[in-house]
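Below: the structure, in structure tokens.
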Amino acid sequence: MAGLRPLSAAILQVFSNSRSAIVSRNILLKFFRFQGKRPIRAFQFAWMAAAAILFCSLLSRPCSAQESPYIVTYDHYLEEPGNLEVEYFSTFGTQRAGNDFHSFWMEFEYGATSWWTTEMYLDGQSTFGESTIFTGVRWENRFRLLPREHFINPVFYVEYEHKSEADKILKEVEGVDVESDFLTPNAEARHGSINEIEMKLILSSTFKGWNISENTLAAKNLSNNPWEFGYALGVSRPLAVKASPDRCNFCRENFTAGVEMYGGLGDRYNFGLRNTSQYIAPVAAWNLPSGWTLRLSPGFGLNDNSHRFLLRWGLSREFPGFANMLGHLFGGRQ
Amino acid sequence: MRANTTRHVLLVGLSLAVSLLAVKPEAVFAQDPVADTAPQQKWNYEVLKKAPEKARLKPNPLANDPDAVRAGGKLYERHCAECHGMKAEGNKHAPSLLRVEVRQATPGTLFWVLTNGVVWHGMPVWSKLPEPERWQLVSFIKSVSNSPIQ
């Protein structure tokens, strides 16, 4: 049962199985009805984050926002130098034999140079019927390796994670991460901590408007665990490749759609798909001229080790000239 | 108890971020006219000479598109004005696009620079914009650099 089913059968199952539809409906109902008291804390976080981004956006100028629709996969485009992008992401996930959850993270992405982007993450999660907790921080860096565009463009990614064992953000899937790992109650899991180094080789190509990205991942828990591996693949394209001459929010060029697939590849001793979890997720992004980007991605587990359904969405806003702003704040001569 | 502490850490972190972004936005984003216009000399336009011949000779497929300049202007405002200035006059972050070097560059050369960026010197690659949008940008840049006002 734990093996990977053929992809086509899995997709068919996802779209035709009424159980998946019921699960999706239930999680949406939970989301909108505020069942119980605990999840409200997660909403407080979500609203606080959205309000913070909104507040900041009122104070800044509009700027570029041509973000990819991916949530897990990375392409080779880095943040523009000097810009800060503030992002909020949510994931609602189903859990068999346990409580469904809502995980969320805030992301501060800064373009240090045109070949180096650095990011800080704050993660949290709320397990329905249990509690809402802060689950850790991550510091991520991406380095562009070649100065010019090529057919395949490599980017090196390195990240340090300090998180609790209750972490559920599923920003990447690695090793033999499976759904049953999330069954440990928050009260217990939060006491265990994980320090992890993660590296990725991002390969990305853009051709005739299509972006194709492949990420391979190697992660090492610093407490003497074996190296674990994972992957993410993404394909996307804007709905229109030519800009319309007029300003507009709903032009086709502002929408990008695609699909991403990601999962674990075992560890150093058991490399491969056996006992891993795998997901496929259509993705869509709406890039507003004002600098806002909205992303939406319903994800589907492809085998019995995966969460059956993940609903992800994200809101981000780019702030241009953040470096200048700091310079002014601290009295530096510009 | 610990949940409270972590929540407070979150709140403080978020407040700090908001405060950093919120303080005196006019002052923060105000451009210093002297600093912004003075150091034009420091930019060299050597990168325009590095475009391979094949790229240089590429014609702009949207050269006869009446909407290309307007659409390019919109894209310029959205993606380029932050560094090159609203009027393409350049500033301390990026060179002017009104200079003779840009005026004399072929559309193919400008397209090549847009696509490849000048990564080690601060200009990101713009291949994330689809090809027709990059050609629209080229149309706009050529129109402003050839403008009689200059």
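Which chain is which? The protein sequence lines are A and B, in order.
The opening position of the first sequence corresponds to residue 6 in the numbering used here, with each subsequent residue numbered one higher.
The opening position of the second sequence corresponds to residue -8 in the numbering used here, with each subsequent residue numbered one higher.
Glycine included, C-beta positions come from ideal geometry on N, C-alpha and C.
Give the secondary structure of A:Leu244 by DSSP, where H, G and I count as helix, E and B as strand, and everything else as coil. In the structure shown, the three-state DSSP call for A:Leu244 is coil.
Residue nearest to A:Ser198 in terms of C-alpha spacing, selected from A:Val181, A:Lys205, A:Ser228, A:Thr281: The residue with the shortest Cα to Cα distance from A:Ser198 is A:Ser228.
Strand pairing of A:Asp272, partner residues [DSSP]: In DSSP, A:Asp272 forms a bridge with A:Glu233.
Cβ-based burial, B:Gly64 [other Cβ within 10 Å; buried from 16]: Classification of B:Gly64: buried, given that the 10 Å Cβ count is 16 or more.
Can you list the residues of chain B that A:Ile154 reaches, using a CB-CB cut of under 7 Å? Rather than Ile, the amino acid found at residue 154 of chain A in this sequence is Glu. By Cβ distance, chain B contributes Thr106, Asn107, Val116, Ser118.
For B:Ser138, count neighbouring C-beta atoms within 10 Å of its own C-beta (all shown protein chains included) and say buried if the count is 16 or more, exposed if not. Exposed, by the Cβ-count rule.
Quick check on A:Asp186: does DSSP put it in helix, strand or coil? DSSP places A:Asp186 in helix when its eight states are reduced to three.
Where does B:Gln124 fall in DSSP's three states? It is worth fixing the name first, because residue 124 of chain B is Glu in this sequence and not Gln. Looking at B:Glu124 - three-state DSSP - the assignment turns out to be helix.
Beta-carbon spacing of A:Tyr236, A:Leu270 below 8 Å: It is a contact, given that the beta carbons lie within the stated cut-off.
Tell me which residues of the segment 73 to 100 of chain B have at least one Cβ-Cβ distance to chain A shorter than 9 Å, keeping chain order. Residues passing the 9 Å Cβ filter: Glu73, Cys74, Lys83, His84.
Chain B contact residues for A:Glu85, given Cβ-Cβ distances below 9 Å: The CB of A:Glu85 comes closer than 9 Å to the CB of His70, Glu73, Cys74, Pro115 in chain B, given here in chain order.
Shorter than 8 Å from the beta carbon of B:Pro123 to some beta carbon of chain A? At least one chain A Cβ lies under 8 Å of B:Pro123.
Please name the residues in the segment 145 to 176 of chain A whose beta-carbon is closer than 7 Å to at least one beta-carbon of chain B, in chain order. Only Arg149, Pro152, Arg153, Glu154 from the segment 145 to 176 of chain A bring a Cβ to less than 7 Å from some Cβ of chain B.
Report the neighbours of B:Trp111 on chain A: residues whose CB is nearer than 9 Å to its CB, in chain order. Correct list: Thr118, Ser119, Trp120, Pro152.
At 7 Å on the CB atoms, spell out the chain B contacts of A:Pro243, in chain order. Within chain B, Pro121 have C-beta atoms less than 7 Å from the C-beta of A:Pro243, given in sequence order.
Going by other Cβ atoms of all chains shown within 10 Å of its Cβ, with 16 needed for buried, is B:Val91 buried or exposed? Under this definition B:Val91 is an exposed residue.
Rounded straight-line distance, which links the Cα of B:Lys40 to that of A:Phe94: Separation of A:Phe94 and B:Lys40 (C-alpha to C-alpha, rounded to the nearest whole angstrom) is 43 Å.
Taking DSSP as the reference, what is the three-state secondary structure of B:Trp103? Residue state, collapsed to three classes: helix.
Please report how far the alpha carbon of A:Val178 lies from the alpha carbon of A:Asn220, in whole angstroms. Straight across, the Cα-Cα distance linking A:Val178 with A:Asn220 is about 12 Å.
Let me know if B:Val19 comes out buried or exposed under the rule of 16 or more other beta-carbons within 10 Å of its beta-carbon. Only weak support is given to the placement of B:Val19: the predicted model assigns it a pLDDT of 36, under 50, and the value that follows is read from those uncertain coordinates. Result: buried.
Could you give the first and the last residue of the continuous alpha helix (DSSP H) run that contains A:Ala328? Its alpha helix (DSSP H) spans residues 327 to 334.
A:Ser108 and A:Ile174: beta carbons closer than 8 Å? The answer is yes: Cβ separation under 8 Å.
Residues of chain B with CB under 9 Å from A:Lys213, in chain order? For A:Lys213, the C-beta contacts it makes with chain B under 9 Å involve Pro121, Glu122, in order along the chain.
Does the CB of B:Lys65 have a neighbour CB from chain A at under 8 Å? Closer than 8 Å: yes.
Should A:Arg147 be labelled buried (16 or more other beta-carbon atoms within 10 Å of its own) or exposed? Per the 10 Å Cβ criterion, buried.
Per DSSP, which residues does A:Ala262 bridge with? Please list them. Looking at the DSSP output, A:Ala262 bridges to A:Arg242, A:Ala289.
Members of the segment 232 to 257 of chain A near chain B, C-beta cut-off 8 Å: Listed by position along the chain: Pro243, Val246, Lys247, Ala248, Ser249, Pro250, Asp251, Arg252.
According to DSSP, is B:Gly63 helix, strand or coil? In this structure, B:Gly63 counts as helix in the three-state DSSP scheme.
Starting from B:His75, trace the alpha helix (DSSP H) in both directions and tell me its first and last residue. Bounds of the alpha helix (DSSP H) holding B:His75 are 72 to 75.
Backbone CA spacing between A:Ser218 and B:Val93 [nearest angstrom]: Their backbone Cα atoms lie some 33 Å apart in a straight line.
Quick one: list the residues of chain A neighbouring B:Phe62, beta-carbon separation under 8 Å, in chain order. Note that residue 62 of chain B corresponds to Ala in the displayed sequence, not to Phe. Within chain A, the residues near B:Ala62 are Lys247, Ala248, Ser249, Pro250.
Does any C-beta atom of chain B lie closer than 8 Å to the C-beta of A:Tyr340? Residue 340 of chain A falls outside the range modelled here, since chain A spans only 6 to 339, and no answer is possible.
Under a three-way DSSP split, which group does A:Glu170 fall into? DSSP places A:Glu170 outside both helix and strand once states are collapsed to three, so it counts as coil.
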